[in-house]
Amino acid sequence: MARALEFYGKSLAITERIGDQHTSANQYFNLGTLYRDTIGDREEARANLERAKAIFEQVGDAPNAQKAARALLQV
């Protein structure tokens, strides 16, 4: 679990630095589900899933924005 957080964090830093919003949104989504399902931290889960949803909406990816919205309902 700690390694997953480390890898997602590193990946997110890289994708944000290079401006790859879609991949950043995917990483926020992955972090959100990790916090929700494995770690049990609802606050972090919600924050990451909300960020993922906002970015997906910003880049026009409606299916993934809906996926993030459904994931938020499970937090």
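Residue numbering for the sequence shown follows numbering that gives the first Met the number 0, starting at 0 and increasing by one per position. Backbone N, C-alpha and C define an ideal beta-carbon position, used for all residues, glycine too.
Within 8 Å, strictly: CB atoms of leucine 4 and leucine 48: As a position in the sequence shown, residue 4 is number 5, starting the count at 1. As a position in the sequence shown, residue 48 is number 49, starting the count at 1. No; because the gap between Cβ atoms is not below 8 Å, this pair is not in contact.
Would alanine 51 pass as a contact of alanine 12 if the rule is Cβ separation under 8 Å? Translated into the one-based positions of the sequence shown, residue 51 becomes position 52. Translated into the one-based positions of the sequence shown, residue 12 becomes position 13. The answer is no: Cβ separation not under 8 Å.
What's the C-alpha gap between glutamine 65 and tyrosine 27? The residue you call residue 65 lines up with position 66 of the sequence shown. The residue you call residue 27 lines up with position 28 of the sequence shown. Each residue's Cα considered, the two are about 14 Å apart.
Glycine 18 (DSSP reduced to helix, strand or coil): The residue given as residue 18 occupies position 19 in the sequence shown. When secondary structure is reduced to three states using DSSP, glycine 18 falls in the coil class, being assigned neither helix nor strand.
Just curious, the alpha helix (DSSP H) that glutamine 65 is in, first and last residue? Taking the sequence shown and counting its residues from 1, one reaches residue 65 at position 66. Its alpha helix (DSSP H) spans residues 61-72.
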